[in-house]
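Working notes for the structure below.
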Amino acid sequence: MASPVFQRVIVLGAGGSLGPAILKALARHFEVSILTRKCSTSSFAPTFKVVTIADDYPTAELLEAFKNQDVVVCLMSPWACESQKQIIDAAVKAGVKRFIPAEFAANIVTHLQAQESKGLTWTAFITGPFLDWCLLNGRMGFDVVNREAMIFDQGDQPFSTSTLALIGGE
Ligand SMILES: NC(=O)c1ccc[n+]([C@@H]2O[C@H](COP(=O)([O-])OP(=O)(O)OC[C@H]3O[C@@H](n4cnc5c(N)ncnc54)[C@H](OP(=O)(O)O)[C@@H]3O)[C@@H](O)[C@H]2O)c1
Numbered sequence: 001m002a003s004p005v006f007q008r009v010i011v012l013g014a015g016g017s018l019g020p021a022i023l024k025a026l027a028r029h030f031e032v033s034i035l036t037r038k039c040s041t042s043s044f045a046p047t048f049k050v051v052t053i054a055d056d057y058p059t060a061e062l063l064e065a066f067k068n069q070d071v072v073v074c075l076m077s078p079w080a081c082e083s084q085k086q087i088i089d090a091a092v093k094a095g096v097k098r099f100i101p102a103e104f105a106a107n108i109v110t111h112l113q114a115q116e117s118k119g120l121t122w123t124a125f126i127t128g129p130f131l132d133w134c135l136l137n138g139r140m141g142f143d144v145v146n147r148e149a150m151i152f153d154q155g156d157q158p159f160s161t162s163t164l165a166l167i168g169g170e
């Protein structure tokens, strides 16, 4: 079976920690638009088409924004993940072919699976914590400023993590 050809990608939550790395990677291969909220303080390079909608992601505005888009990429904050079901439903209605969810800390896989019979395909990327973001923000037990680190258990448990650039594909 031939692979589907994706041309147009719209990214939600693009102004967060991960957004710039993803935009940089996608812009090399696709026509990229950004969907943001009225209350957002994010700013983007003028090379991107930016669509601004109401803060609660209303379906009518999502449908308009998703018209002619092949792929929706959700990078939304976990605080907004409740809205993802209505975003997925709008993507299906608009004929979007592939959905990339913000799946970290969000229980969304069952809803995505239920949309497969309606023609939606989806891909979830399991990245683990963002390594560079965590180091800079004092997460994962590292205190870089004071050169201290917390040892979990015996300090010999492997865990997986990714840098922001790696998630973007570099
Ligand atoms: N931090 C980690 O280590 C980690 C690890 C793995 C996965 N993840 C997941 O990766 C995704 C992206 O993470 P991130 O750190 O880049 O996210 P983030 O900076 O917290 O937020 C990303 C964007 O979400 C949008 N948003 C929508 N509703 C919001 C609300 N109510 N409050 C705040 N922001 C809202 C904002 O974009 P607009 O203002 O443009 O609408 C914001 O810039 C998230 O789903 C996160 O759970 C994070």
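Residues in the sequence shown are numbered consecutively from 1, following full-length UniProt numbering. The C-beta atom is built at its ideal place from N, Cα and C for all residues, glycine as well. Bear in mind the structure is a predicted one, so any value in this text is a computation, not a measurement.
Is any non-hydrogen atom of ligand 1 found closer than 7 Å to the C-beta of residue i, if you look at the structure I gave you?
i: R147; result: no
i: residue 237; result: The question about residue 237 has no answer here: the residues shown for the chain are numbered 1 through 170.
i: R37; result: yes
i: P46; result: no
i: L18; result: yes
i: F152; result: no
i: T127; result: yes
i: A80; result: yes
i: V77; result: With the sequence shown as reference, residue 77 is identified as Ser, and Val is not the correct amino acid for it. Yes, the beta carbon of S77 sits closer than 7 Å to at least one heavy atom of ligand 1.
i: F66; result: no
How far does the alpha helix (DSSP H) with residue i in it extend, from its first residue to its last?
i: K24; result: G19 to A27
i: residue 171; result: The structure shown has nothing for residue 171, since the chain only spans 1 to 170.
i: T59; result: T59 to F66
i: C134; result: L131 to L136
For the beta strand (DSSP E) holding residue i, just list the boundary residues, first then last.
i: V92; result: Segment Q84 to A94 is the alpha helix (DSSP H) holding V92; no beta strand (DSSP E) there.
i: L75; result: No beta strand (DSSP E) contains L75, which DSSP labels as neither H nor E.
i: F44; result: Premise fails: F44 is in no beta strand (DSSP E) and is neither H nor E.
i: R98; result: R98 to I100
i: T161; result: No beta strand (DSSP E) holds T161; DSSP gives it neither H nor E.
i: T36; result: E31 to R37
Which of helix, strand or coil does DSSP assign to residue i?
i: I167; result: helix
i: L120; result: coil
i: A14; result: coil
i: A105; result: coil
i: A54; result: coil
Taking 7 Å as the limit between beta carbons, can you name the residues of its chain near residue i, skipping five residues before and five after?
i: N137; result: none
i: residue 171; result: Nothing in the structure corresponds to residue 171, since the chain is present only between 1 and 170.
i: A21; result: L164, A165, I167 and G168
i: M140; result: P129 and C134
Ignore the nearest five residues each way along the sequence and tell me which others in residue i's own chain have a CB closer than 8 Å to its CB.
i: D55; result: R37, K38 and C39
i: S160; result: G128
i: K97; result: P4, F6, D70, V71, G119, L120 and T121
Considering only residues of the same chain and omitting the five flanking positions on each side of residue i, which have a CB-CB separation below 6 Å?
i: F30; result: V9
i: F142; result: L135 and A149
i: V92; result: Q115, K118 and L120
What I want to know is whether the C-beta of residue i ends up closer than 7 Å to one or more non-hydrogen atoms of ligand 2.
i: W133; result: Absence of ligand 2 from the depicted structure is noted, with ligand 1 being the only ligands included.
Any 3 or more C-beta pairs closer than 8 Å across the stretch 99-114 and the stretch 37-55: No, they do not touch.
Is the number of C-beta pairs between the stretch 143-151 and the stretch 113-131 that are closer than 8 Å three or more? Contact between the stretch 143-151 and the stretch 113-131 is absent, because fewer than three Cβ pairs lie under 8 Å.
Closer than 8 Å is the cut-off here; do at least three beta carbon pairs connect the stretch 87-98 with the stretch 18-27? With the cut-off at 8 Å, the stretch 87-98 and the stretch 18-27 do not touch.
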